[in-house]
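Novice: I'd like to ask you about the structure that follows.
Residue numbers (this note's numbering), protein chains in the order written: chain G, 5 to 169; chain A, 25 to 277.
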């Protein structure tokens, strides 16, 4: 093919950053929290404004400080995930809002306390199909609540019900 | 469910962590793993490590996007605003997103892409093999109206996570993970060194050659000026060691 100047001038496209997304297959990803969110008055008083989470455990971290529910030490193990804690420490981030990192489908959720749940509290599993046909599954664990209704509909958006499979 | 939807509230594991509420944030490559149980392993095998992705790295690689509108029967010409792989780029048409490969198969776009280099347009027969280089010009042909080309720009943060995943992949590719001589990887002993051009990561692994456990090493080198350029190398307890070899720049996690 020959490329002419007409071709160049007539068909020039322009890059813009898109804010439009569609449900189903994931496109762009984002963090699961809003860095501008205020979640603790105490934190604000200490000058640590904003819903900043910091990494407590990073990916593949060898945790040498494992303890059981009763405080007894456990052998060190590799953690194949990340733990994020509020920068004000302790449980000052309790109840902080968590967001979907990308378009996807809620696969399962369990708020704990049922015969099928472990004793790690609530969790939510979301499947993010990727444009190449693969998928990633994000697990949010130790959560206090799920902000969706699992009983009535297929999809969930902010303040919309969703379905669990 | 859409990006940015409110989905949950951060908690303390129903009291399991009464003074340390936190988010356990985990990314899996498949859905066959146990739910509601932290992914703790020791020893850590290649097979188990490959079941997971680093969520921060994965998001950082896909956090910013440039979009180009395509037109039916026309070449759209554009300069790449940043370095980016084609492996995470996608075409969106009628609300559906597909990889460049799938979009080409569906005849949303032409499989050829033209790249301006050496003062002329050069054709590449497979758009999925193209690396988008910052400020270089590209031409993509659309077969449908209303489609967009979307390119995701890696943030190039979390380089250690990328190095760890690259090194696990290097071992999986060059050493049979099912070989009983191979035992475990030890990411906690990963060290870094650097020179003017590269950061070098070095992770030990353990194998048994019949005379007890021995250590081998796997290396990854990340180019400082363009972190997507990486090299790999490793010992091989059952064969020839792998000399330095360039990792496909289009391969992310």
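Built from N, CA and C at the ideal position, the CB exists for glycine as well.
Which same chain residues end up closer than 8 Å to residue 3 (chain G) when comparing Cβ atoms and leaving out the 5 residues on each side of it in sequence?
Specialist: Summary: the structure shown does not reach residue 3 (chain G), with chain G confined to residues 5 through 169, and so no result is reported for it.
Novice: What residue ranges within the stretch 83-125 of chain G form continuous beta strand (DSSP E) runs of no fewer than 3 residues, ordered along the chain?
Specialist: 86-90, 101-103 and 109-114
Novice: If I measure Cβ to Cβ from residue 127 (chain A) and keep anything under 6 Å in the same chain, skipping five residues before and after, which residues do I get?
Specialist: Numbered from its first residue, the second chain carries residue 127 (chain A) at position 103. Closer than 6 Å at Cβ, skipping near neighbours: 115 and 133.
Novice: Which residue or residues does DSSP assign as beta-bridge partners of residue 240 (chain A)?
Specialist: The residue labelled residue 240 (chain A) in the question sits at position 216 within the second chain. In DSSP, residue 240 (chain A) forms a bridge with A:229.
Novice: Tell me, please, whether the stretch 236-243 of chain A touches the stretch 251-259 of chain A by the rule of three or more beta-carbon pairs shorter than 8 Å.
Specialist: yes
Novice: Are the stretch 100-120 of chain A and the stretch 157-166 of chain A touching, with three or more C-beta to C-beta distances below 8 Å?
Specialist: Between the stretch 100-120 of chain A and the stretch 157-166 of chain A, the count of C-beta pairs closer than 8 Å reaches three or more; the two stretches touch.
Novice: Against chain A, with Cβ distances strictly below 8 Å, would residue 74 (chain G) count as a contact?
Specialist: To locate residue 74 (chain G), count along the first chain from 1; it is residue 70. For residue 74 (chain G), the answer is no, since every Cβ of chain A falls outside 8 Å of its Cβ.
Novice: If you draw a straight line from the alpha carbon of residue 188 (chain A) to that of residue 135 (chain A), how long is it in whole angstroms?
Specialist: The residue given as residue 188 (chain A) occupies position 164 in the second chain. The residue given as residue 135 (chain A) occupies position 111 in the second chain. C-alpha separation (whole angstroms): 33 Å.
Novice: Can you give the beta carbon distance from residue 285 (chain A) to residue 84 (chain G), rounded, assuming they're within the 8 Å contact cut?
Specialist: No answer is possible for residue 285 (chain A): the residues shown for chain A start at 25 and end at 277.
Novice: Taking the alpha carbon of residue 92 (chain A) as the point to measure from, which residue in A:100, A:250 and A:53 has its own alpha carbon closest?
Specialist: To locate residue 92 (chain A), count along the second chain from 1; it is residue 68. Per the Cα distances, A:100.
Novice: Alpha carbon to alpha carbon, how far is residue 207 (chain A) from residue 67 (chain A)? Give it in angstroms, no decimals.
Specialist: Numbered from its first residue, the second chain carries residue 67 (chain A) at position 43. Numbered from its first residue, the second chain carries residue 207 (chain A) at position 183. If I take the Cα positions, the gap works out to 8 Å.
Novice: As an exercise, report each continuous beta strand (DSSP E) stretch of at least 3 residues that is fully enclosed by the stretch 135-175 of chain A, in chain order.
Specialist: 144-148 and 161-166
Novice: Roughly how many whole angstroms lie between the Cα atoms of residue 36 (chain G) and residue 178 (chain A)?
Specialist: Locating residue 36 (chain G) in the first chain gives position 32, where the first residue counts as 1. Locating residue 178 (chain A) in the second chain gives position 154, where the first residue counts as 1. Between residue 36 (chain G) and residue 178 (chain A), the C-alpha separation is close to 18 Å.
Novice: In the DSSP assignment, find the beta strand (DSSP E) that holds residue 266 (chain A) and state where it starts and stops.
Specialist: As a working note, residue 266 (chain A) is residue 242 in the second chain. Under the DSSP assignment, residue 266 (chain A) falls in the beta strand (DSSP E) whose first and last residues are 266-270.
Novice: Work out the CA separation of residue 48 (chain G) and residue 271 (chain A) for me, nearest whole Å.
Specialist: In the second chain, residue 271 (chain A) corresponds to position 247, counting from 1. In the first chain, residue 48 (chain G) corresponds to position 44, counting from 1. Approximately 46 Å, taken between the alpha carbons.
Novice: Comparing alpha-carbon positions, which option in A:237, A:196 and A:250 lies nearest residue 221 (chain A)?
Specialist: Position 197 of the second chain, counted from the first residue, corresponds to residue 221 (chain A). The shortest C-alpha separation from residue 221 (chain A) is found at A:250.
Novice: Starting from the N-terminal side, write out each stretch of the alpha helix (DSSP H) that is 4 residues or longer and does not extend beyond the stretch 31-83 of chain A.
Specialist: Listed in chain order, the complete alpha helix (DSSP H) runs (minimum 4 residues) inside the stretch 31-83 of chain A are 70-73.
Novice: Alpha carbon to alpha carbon, how far is residue 131 (chain G) from residue 50 (chain A)?
Specialist: Here residue 131 (chain G) refers to the residue found at position 127 when the first chain is read from its first residue. Here residue 50 (chain A) refers to the residue found at position 26 when the second chain is read from its first residue. The alpha-carbon separation between residue 131 (chain G) and residue 50 (chain A) amounts to approximately 12 Å.
Novice: Can you tell me which residues form a DSSP beta bridge with residue 33 (chain G)?
Specialist: Taking the first chain and counting its residues from 1, the one referred to as residue 33 (chain G) is at position 29. Residue 33 (chain G) is not bridged to any residue.
Novice: Residue 142 (chain A): beta carbon under 7 Å from a heavy atom of the ligand ATP?
Specialist: The ligand ATP is not part of the structure shown, which contains no ligands of any sort.
Novice: Check distances from the C-beta atoms of the stretch 87-112 of chain G to those of chain A and list, in chain order, the residues that come in under 9 Å.
Specialist: 87, 88, 89, 90, 93, 94, 95, 96, 97, 98, 99, 100, 101, 102, 103, 104, 105, 106, 107, 108, 109, 110, 111 and 112
Novice: To the nearest angstrom, report how far apart residue 224 (chain A) and residue 98 (chain A) are at their CA atoms.
Specialist: Translated into the one-based positions of the second chain, residue 224 (chain A) becomes position 200. Translated into the one-based positions of the second chain, residue 98 (chain A) becomes position 74. If you draw a straight line from the Cα of residue 224 (chain A) to the Cα of residue 98 (chain A), it is about 45 Å long.
Novice: In chain order, what residues of the same chain have a beta carbon less than 6 Å from the beta carbon of residue 26 (chain G), not counting five sequence neighbours either side?
Specialist: For the purposes of this step, residue 26 (chain G) is identified with residue 22 of the first chain, where counting begins at 1. Annotation note: pLDDT 43 at residue 26 (chain G) (below 50); position unreliable, coordinate value reported separately. Answer for residue 26 (chain G): no residue qualifies.
Novice: Is the Cβ of residue 131 (chain G) closer than 8 Å to any Cβ of chain A?
Specialist: Start at 1 with the first residue of the first chain, and residue 131 (chain G) comes out as number 127. Interface flag for residue 131 (chain G) against chain A is set, since a Cβ pair is found closer than 8 Å.
Novice: Determine the contact status of residue 57 (chain A) and residue 196 (chain A), defining contact as a CB-CB distance below 8 Å.
Specialist: Numbered from 1 along the second chain, position 33 holds the residue referred to as residue 57 (chain A). Numbered from 1 along the second chain, position 172 holds the residue referred to as residue 196 (chain A). Not a contact, by the Cβ cut-off of 8 Å.
Novice: Rounded to whole angstroms, what's the CA-CA distance from residue 117 (chain A) to residue 168 (chain A)? Just pull it up for me.
Specialist: Along the second chain, one-based indexing puts residue 117 (chain A) at 93. Along the second chain, one-based indexing puts residue 168 (chain A) at 144. If I take the Cα positions, the gap works out to 8 Å.
Novice: Using the Cβ count rule (16 or more neighbours within 10 Å means buried), how would you classify residue 268 (chain A)?
Specialist: Counted from its first residue, the second chain places residue 268 (chain A) at position 244. Exposed.
Novice: Since residue 89 (chain A) is in the beta strand (DSSP E), which residue starts that stretch and which ends it?
Specialist: Mapped onto the second chain, residue 89 (chain A) falls at position 65. Taken as a continuous stretch (DSSP letters only), the beta strand (DSSP E) holding residue 89 (chain A) covers 88-93.
Novice: Identify, in the order they occur along the chain, each residue of the same chain with its Cβ nearer than 6 Å to the Cβ of residue 90 (chain A), setting aside the five sequence neighbours on each side.
Specialist: As a first step, residue 90 (chain A) is located in the second chain; it is residue number 66 there, counting from the start. Contacts found: 105 and 175.
Novice: Name the chain A residues whose beta carbon is nearer than 7 Å to that of residue 71 (chain G)?
Specialist: Translated into positions along the first chain, residue 71 (chain G) becomes position 67. Ordered by position in chain A, no residue passes the 7 Å Cβ test against residue 71 (chain G), which lies about 10 Å from the chain.
Novice: For residue 68 (chain G), count neighbouring C-beta atoms within 10 Å of its own C-beta (all shown protein chains included) and say buried if the count is 16 or more, exposed if not.
Specialist: As a first step, residue 68 (chain G) must be located in the first chain, where it is residue number 64. By the 10 Å Cβ count, residue 68 (chain G) comes out exposed.
Novice: Taking Cβ positions, are residue 215 (chain A) and residue 226 (chain A) nearer each other than 8 Å?
Specialist: Translated into positions along the second chain, residue 215 (chain A) becomes position 191. Translated into positions along the second chain, residue 226 (chain A) becomes position 202. Contact: yes.
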